[in-house]
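Quick note on UniProt numbering: the sequence shown kicks off at 1 and runs consecutively.
No residue lacks a Cβ here, since even glycine has one placed at the ideal position from N, Cα and C.
Because the structure is a prediction, the values reported are computed rather than measured.
I have placed the structure first, in the form of structure tokens, so that the comments after it can refer back to it.
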Amino acid sequence: MNGRSGGASSLRLGYGLNGFAGHRLADACAVVAGLGFRGVGLTLDQPHLDPFADDLAAQVSHAAACLEKQDLACVVETGSRYVLDPWHKHEPTLVSSTRRELRVELLTRAVRIAHELGAEAMSCWSGTLPEGVPAEEGWRRLVDALGPVLDEAGRLGVMVAFEPEPGMHVATLDDALELRRRLGEPEHLRLTLDLGHLVCNEPRSPAETVALAGPLLGNVQVDDMVRDVHEHLPLGDGELDIDAVLGALLSTGYAGLACVELPRHSHAAPAVAAQSLSALTDSLRRLEVHP
1 MNGRSGGASS LRLGYGLNGF AGHRLADACA VVAGLGFRGV GLTLDQPHLD PFADDLAAQV
61 SHAAACLEKQ DLACVVETGS RYVLDPWHKH EPTLVSSTRR ELRVELLTRA VRIAHELGAE
121 AMSCWSGTLP EGVPAEEGWR RLVDALGPVL DEAGRLGVMV AFEPEPGMHV ATLDDALELR
181 RRLGEPEHLR LTLDLGHLVC NEPRSPAETV ALAGPLLGNV QVDDMVRDVH EHLPLGDGEL
241 DIDAVLGALL STGYAGLACV ELPRHSHAAP AVAAQSLSAL TDSLRRLEVH P
């Protein structure tokens, strides 16, 4: 795999390239690496890597060269808003009433692209269950749809990291653990945890949630909670202490990427990325860790 781990911490900081939508892929990788990030979250979408492009093989080869040149690790992300339907955000999903096969095709392609890139994980989520559809039907759709994706991932040795998302069928860590149980707890199905959701979306404290997820973590996202880590940040109905959450993450022994995800900040991507890195490294230094 690309990237190096070192220093006192095995945790490596990365940046989601959906926050660099105005940059060419090579330029985005150069800026991210130049700032000091160790990896990227690469969302499959235009303009960086279109999973349905006619020249897909060439785009994958180009992406691999960009990552290699900058010595960046990679996680493949699949949260593009309109990659499957230009009219409806994120549709169809794994739990939609129709066209679920399109999402399955996207995720299967994402697994293959992750394999070609030497990515550390392919990250995905369930989608929102349509109104009126029983929860048990949602589970059936989800398990059936993920089957071929996990088969392909197992064949290629790719980790699938499933993310609980607020408002989706799999919304909490407990939901994600239930999904693993229903699928037979395959070793290559792990978890994506978005640290920005821990207060507003989980029944446990952030530290308890991180500790519970720890052994199964395959990917970590750092949402827009890094604006000022010197204060407790309001999220939903509570506050998140970034030092405490990063400390809990480090305590799990997590050795993967923690990528900042700011998809609405492409207009000021280099400055926002620099500010994010400064905030996170300051927190890690307070924890006496050197990323």
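Beta carbon of residue i nearer than 8 Å to that of residue j
{"i": "Leu156", "j": "Val111", "result": "yes"}
{"i": "Cys124", "j": "Glu163", "result": "yes"}
{"i": "Ala153", "j": "Arg100", "result": "no"}
{"i": "Val149", "j": "Val133", "result": "no"}
{"i": "Leu44", "j": "Val83", "result": "yes"}
{"i": "Ser266", "j": "Ala21", "result": "yes"}
{"i": "Glu137", "j": "Ala73", "result": "no"}
{"i": "Gln59", "j": "Leu67", "result": "no"}
{"i": "Ala207", "j": "Ala248", "result": "yes"}
{"i": "Thr252", "j": "Leu217", "result": "yes"}
{"i": "Arg109", "j": "Pro186", "result": "no"}
{"i": "Leu193", "j": "Ala211", "result": "no"}
{"i": "Glu202", "j": "Thr172", "result": "yes"}
Contact belief for residue i with residue j at Cβ below 8 Å, rounded distance in angstroms
{"i": "Leu94", "j": "Ala63", "result": "Wrong, their Cβ atoms sit about 25 Å apart, outside the cutoff."}
{"i": "Asn219", "j": "Val75", "result": "5 Å"}
{"i": "Met122", "j": "Ala114", "result": "4 Å"}
6 Å CB neighbourhood of residue i in its chain, flanking five on each side removed
{"i": "Val222", "result": "Leu195, Ala258, Val260"}
{"i": "Ala273", "result": "Tyr15, Leu35"}
{"i": "Ala269", "result": "Gly19, Phe20"}
{"i": "Ala176", "result": "Phe162, Pro164, Val170, Leu191"}
{"i": "Ser10", "result": "Ala255"}
{"i": "Lys89", "result": "Arg81"}
Cβ shell of residue i (< 7 Å), same chain only, five flanking positions each side left out
{"i": "Ser126", "result": "Thr93, Leu94, Val95, Leu142, Met168, His169, Val170"}
{"i": "Leu277", "result": "Leu13, Leu35, Gly36, Phe37"}
{"i": "Gln70", "result": "Cys29, Ala30, Ala33"}
{"i": "Leu102", "result": "Leu84, Pro92"}
{"i": "Ser5", "result": "Residue placement at Ser5 is flagged as unreliable, the pLDDT there being 34, under the threshold of 50; a coordinate-derived value is accordingly withheld."}
Boundaries of the alpha helix (DSSP H) in which residue i is found, first to last residue
{"i": "Gly138", "result": "135–156"}
{"i": "Gly34", "result": "25–35"}
{"i": "Ala110", "result": "100–117"}
{"i": "Asn219", "result": "Taken as a continuous stretch (DSSP letters only), Asn219 belongs to no alpha helix (DSSP H), being part of the beta strand (DSSP E) at 217–222."}
{"i": "Ala58", "result": "56–70"}
{"i": "Glu208", "result": "206–213"}
{"i": "Val199", "result": "198–201"}
Contact set for residue i: own chain, Cβ-Cβ below 8 Å, skip 5 residues either direction
{"i": "Arg286", "result": "Asp243"}
{"i": "Asp237", "result": "Because Asp237 carries a pLDDT of 43, less than 50, the predicted location of this residue cannot be relied on, and the following value inherits that uncertainty. Correct list, in chain order: Val199, Cys200."}
Start-to-end residues for the beta strand (DSSP E) that takes in residue i
{"i": "Ser123", "result": "122–124"}
{"i": "Thr192", "result": "189–194"}
{"i": "Thr43", "result": "39–43"}
{"i": "Glu178", "result": "That residue, Glu178, is in no beta strand (DSSP E); its alpha helix (DSSP H) goes 173–182."}
{"i": "Tyr15", "result": "12–16"}
{"i": "Phe162", "result": "160–162"}
{"i": "Val170", "result": "Neither: Val170 is in no beta strand (DSSP E) and is coded neither H nor E."}
{"i": "Glu91", "result": "Premise fails: Glu91 is in no beta strand (DSSP E) and is neither H nor E."}
### Query
Which whole runs of the beta strand (DSSP E) in the segment 251–282 are 3 residues long or more, in chain order?
257–260
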